[in-house]
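The structure appears below as structure tokens.
In the numbering used here, the protein residues as written are 606 to 893.
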């Protein structure tokens with residue numbers, strides 16, 4: 606038979622076991638709840654990340670589409686301006702662009718200057734410099750603004766010997782063709798006037814090692830254009846040509862600037878330089 610003290614101890618132990626069981630159950634439930642909250646947080650984070658990525662990709666795709674629309678409209682403006690030979694004040698007035706852009710315009714310029722640099726020419730290629738004023742619509746060349754002396758700079762590498770390069774030059778007027786040659790290395794025999802190489806020169810920021818002496822261009826002869834062919838004799842495989850005048854030269858090309866803005870506000874600006882029609886050098890240079 607248990608004593609009263611023993612019964613009391615048993616009741617105390619049972620009470621402690623019950624409390625421990627309750628606390629343990631609550632602790633386990635709390636852990637489960639915490640795990641569920643963490644899982645939900647991770648799931649929400651993943652969903653939000655996927656949603657954000659999808660939205661970002663969509664926005665980038667739309668932005669790229671708008672960029673392409675603006676670029677295409679600006680390029681169409683350049684084509685239209687070159688075709689008409691004039692500025693276009695409102696590109697959206699062009700039928701094919703009216704639904705794409707809200708605004709846009711083009712600017713066509715052909716500024717005369719005392720200096721001009723050609724595109725890069727490979728050996729054997731030529732470039733046509735215009736001595737008269739060229740009308741891109743009528744295709745006619747008028748007289749130069751004034752009497753002039755021009756020279757031509759070459760060898761943009763700045764490291765070659767001028768003797769290893771030749772310039773074959775033709776000044777075309779309404780009365781005939783005058784030939785010149787810059788051949789300090791005497792690489793060829795030619796009926797053209799030898800104009801040699803006098804010094805290095807800088808033309809529109811481009812430095813050249815070689816430059817010809819002056820070539821006279823007078824209004825009385827009605828000059829139209831000057832054709833220069835570059836030939837490498839162990840020199841650089843290519844070079845630009847720098848035309849320098851003692852007074853202002855007529856432009857040898859025109860610059861078109863076109864800008865277009867789409868309905869979403871994306872703007873693109875494109876600039877293009879187009880040289881005037883190039884005369885094949887073979888028409889004037891067949892042999893030395």
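Glycine residues also receive a C-beta, built at the ideal position from the N, C-alpha and C atoms.
Between residue 852 and residue 747, the C-beta spacing is not below 7 Å. Pairing residue 869 with residue 671 gives a Cβ-Cβ distance under 7 Å.
DSSP lists 772 as the beta-bridge partner residues of residue 787. Counting along the chain, residue 694 sits inside no beta strand (DSSP E), nor does DSSP assign it H or E at all.
Distance from the CA of residue 861 to the CA of residue 682, rounded to the nearest whole angstrom, comes to 9 Å.
Shown here, residue 683 sits in a helix according to DSSP, grouped into three states. Short of 8 Å from the beta carbon of residue 710, and not among the five residues preceding or following it, lie these beta carbons of its own chain, in chain order: 682, 692, 693, 694, 695, 696, 863 and 864. Shown here, residue 869 sits in coil according to DSSP, grouped into three states, outside any helix or strand. Taking the C-beta atoms as reference points, residue 758 is found nearer than 7 Å to residue 813.
In this chain, residue 749 is not harboured by any beta strand (DSSP E), its DSSP state being neither H nor E.
For the pair residue 742 and residue 733, the Cα-to-Cα distance works out to about 18 Å. Between residue 722 and residue 801, the gap from beta carbon to beta carbon reaches 7 Å or more.
Sequence-distant Cβ neighbours of residue 789 in its own chain, meaning closer than 6 Å and more than five residues away, are 767, 768, 801 and 802.
Rounded to the nearest angstrom, the gap between the Cα atoms of residue 804 and residue 880 is 27 Å. Taking every protein chain shown into account, the CB of residue 641 has fewer than 16 other CB atoms within 10 angstroms, so this residue is exposed.
Pairing residue 792 with residue 777 gives a Cβ-Cβ distance that is not under 7 Å. In the structure shown, the three-state DSSP call for residue 830 is strand.
Per DSSP, residue 810 is not a residue of any beta strand (DSSP E), being assigned neither H nor E. When only Cα atoms are considered, residue 690 and residue 713 end up about 8 Å apart. Looking only at 799, 731 and 686, the smallest Cα-Cα distance to residue 844 is reached by 731. A distance below 6 Å between beta-carbons, with the five flanking residues on each side excluded, links residue 830 to the following residues of its chain, in chain order: 733, 735, 736 and 777. Short of 6 Å from the beta carbon of residue 774, and not among the five residues preceding or following it, lie these beta carbons of its own chain, in chain order: 785 and 833. Beta-bridge pairing by DSSP links residue 754 to 821. DSSP, reduced to helix, strand and coil, places residue 793 outside both helices and strands of the structure shown, so it counts as coil. Residue 864 is bridged by DSSP to 710 and 874. In this structure, the alpha-carbon of residue 877 lies about 26 Å from that of residue 755. Within the same chain, and ignoring the five residues on either side of residue 687 in sequence, the residues whose Cβ sits closer than 7 Å to its Cβ are 861 and 879.
In terms of Cα proximity to residue 684, the closest of 638, 859, 886 and 729 is 859.
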